[in-house]
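Below is one structure, written out as structure tokens, with a few remarks after it.
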Amino acid sequence: MEKHEATTIEIEESSKERKGKAPLLAAAAAVDHARAGNRRGIAIFDLILRVSAATAALAATIIMGTTEQTLPFFTQFFQFQASYDDLPSFTFFVIAMSIATGYLVLSVPFSIVCIARPLLTAPKLLLIICDTLTVTLTTSAAASSAAIVYLAHNGNSDANWLAICQQFDSFCSRTSGAVVASFVAVALIIFMVVLSALGLRKH
Numbered sequence: 001m002e003k004h005e006a007t008t009i010e011i012e013e014s015s016k017e018r019k020g021k022a023p024l025l026a027a028a029a030a031v032d033h034a035r036a037g038n039r040r041g042i043a044i045f046d047l048i049l050r051v052s053a054a055t056a057a058l059a060a061t062i063i064m065g066t067t068e069q070t071l072p073f074f075t076q077f078f079q080f081q082a083s084y085d086d087l088p089s090f091t092f093f094v095i096a097m098s099i100a101t102g103y104l105v106l107s108v109p110f111s112i113v114c115i116a117r118p119l120l121t122a123p124k125l126l127l128i129i130c131d132t133l134t135v136t137l138t139t140s141a142a143a144s145s146a147a148i149v150y151l152a153h154n155g156n157s158d159a160n161w162l163a164i165c166q167q168f169d170s171f172c173s174r175t176s177g178a179v180v181a182s183f184v185a186v187a188l189i190i191f192m193v194v195l196s197a198l199g200l201r202k203h
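What the sequence shown shows, in the UniProt record's numbering, is residues 1 to 203, in sequence order.
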């Protein structure tokens, strides 16, 4: 009789422990589900920003890479022409924005993985590292080209550099548009870095 009573007491205690653990497991599952939903929403927004940044970077690359203007007045010996590859800053701009465009396009599958598996941290960590490097590259290209565009519009009287945009108006307008598009891409990539950091938070 004593052994039977002890067995009965142990069974009752184990059943109580299971009943106590069940609400805790349900609460933990609910927290994980909510966390996954939040991270999935961030990943979807990141994908939209990534496609938009790739579009802006591609537009900047195409506009700058096709910028060329020849003035109508020229002689047999002299021809006034301006092209993006005449300036190293603009050449660097085209190369840098091309690299950024290629990276953003290639990073789209990783962003889709983050949507499908929102609790994975490895793809987010890889994206935040590469996005930070891309921000550095695109910012340097946009800033250096913006300085050249400013000089083309305003010149520099102290250095006797004349403004050329009165003559090469089409050249200046296209390079200015490319620089604006590049800064849009930079802003979007910076926002993507912030989103990736939010996605890596544990809580």
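The beta carbon of each residue, even a glycine, is placed where N, CA and C say it ideally should be. Keep in mind that this is a model prediction, so the values were computed, not measured.
With distances taken between CA atoms, residue 142 lies nearest to 184 out of 184, 52 and 196. Beta-bridge partners assigned by DSSP to residue 83: 68.
Going by DSSP, residue 165 is part of no alpha helix (DSSP H) at all; its letter is neither H nor E. Distance from the CA of residue 193 to the CA of residue 148, rounded to the nearest whole angstrom, comes to 28 Å.
Beta-bridge partners assigned by DSSP to residue 156: 161. For residue 88, the enclosing alpha helix (DSSP H) stretches over residues 88-106. Assignment of residue 118 by DSSP, reduced to helix, strand and coil, places it in the coil class. In the structure shown, the three-state DSSP call for residue 188 is helix. By the criterion of at least three beta-carbon pairs nearer than 8 Å, the stretch 97-116 is in contact with the stretch 37-50.
If you draw a straight line from the Cα of residue 54 to the Cα of residue 62, it is about 12 Å long. Three or more pairs of CB atoms, one per stretch, sit closer than 8 Å, so the stretch 130-144 contacts the stretch 88-98. When DSSP states are grouped into helix, strand and coil, residue 200 belongs to the coil group.
With respect to the 8 Å criterion, residue 182 and residue 121 are not classified as neighbours on the basis of their beta carbons.
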